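Here is the structure we will look at.
Residue numbers (UniProt numbering): 1 to 161.
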């Protein structure tokens with residue numbers, strides 16, 4: 001079993017070493033809270049993300065109170081439904097079926113989001129997938145491969161410094 005707090009702490013030390021921001025961690029989420037979030041977003045929360053949320057319900061940076069940015073890098077379950085809806089709505093007009101299968105939970109704070117994608121049969125596609133809003137053209141015939149990039153590994157592998 002992954003020690004998520006240790007992994008995220010090490011990730012923070014490597015990725016944010018020069019930022020000056022202290023990490024913030026959400027308290028462990030209950031199974032009920034995770035199940036409620038899952039029911040709202042309409043796709044399963046994969047085992048590794050459920051496991052993370054059971055240990056750390058969100059990870060981010062301690063921001064100044066007047067900051068307009070969300071402090072969360074890994075969005076906590078309390079904000080997950082809104083985060084998912086926001087990012088799905090961006091592509092829903094042109095790629096509606098894909099939008100319903102996208103489960104973003106990492107906020108890059110620049111309009112991009114990373115998460116899971118389910119295939120048309122409801123199976124989880126391997127890896128993590130980054131939606132790049134800069135590459136998205138709001139055209140129905142645009143290939144999703146043009147605006148999604150993939151990380152071919154698990155969440156734990158992605159966070160490993």
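Don't be surprised by glycine CBs; every beta carbon is placed ideally from N, CA and C.
Being a predicted model, the structure only gives us computed values, none of them experimental.
| query | result |
| --- | --- |
| Which ranges does the alpha helix (DSSP H) cover as unbroken runs of at least 4 residues, wholly within the UniProt domain "Knr4/Smi1-like" (28 to 161), from first to last along the chain? | 31 to 41, 47 to 55, 77 to 92, 96 to 101, 155 to 159 |
| Suppose the cutoff is 6 angstroms on Cβ atoms and the five residues either side in sequence are ignored; what does the same chain contact list for residue 151 look like? | 127, 128, 158 |
| Is it buried or exposed for residue 107, if we count other Cβ within 10 angstroms and need 16 for buried? | buried |
| Roughly how many angstroms lie between the CA atoms of residue 119 and residue 101, to the nearest whole one? | 7 angstroms |
| Given residue 135, which residues of its chain have a CB within under 7 angstroms of its CB, disregarding the five upstream and five downstream residues? | 146, 147 |
| List the DSSP bridge partners of residue 24. | 60 |
| Note down, in chain order, each residue of its chain lying with its Cβ closer than 6 angstroms to the Cβ of residue 83, except the 5 sequence neighbours on either side. | 75 |
| Need the endpoints of the alpha helix (DSSP H) that residue 6 sits in, please. | 4 to 15 |
| Of all the options 132, 116, 13, 131, which has the alpha carbon lying nearest to the alpha carbon of residue 125? | 116 |
| Report the CB separation of residue 2 from residue 51 in whole angstroms; it is logged as a contact under 8 angstroms. | 6 angstroms |
| Alpha carbons only, please: which of 103, 95, 39, 122 is nearest the one belonging to residue 142? | 95 |
| Going by beta-carbon coordinates alone, are residue 37 and residue 77 separated by less than 7 angstroms? | yes |
| Measure the C-alpha to C-alpha separation of residue 14 and residue 138 and round it to an integer number of angstroms. | 36 angstroms |
| Compute the beta-carbon to beta-carbon distance between residue 53 and residue 29, rounded to the nearest angstrom, for a pair I have assumed lies under 8 angstroms. | 4 angstroms |
| Out of 39, 25, 24, which one is the CA nearest neighbour of residue 31? | 39 |
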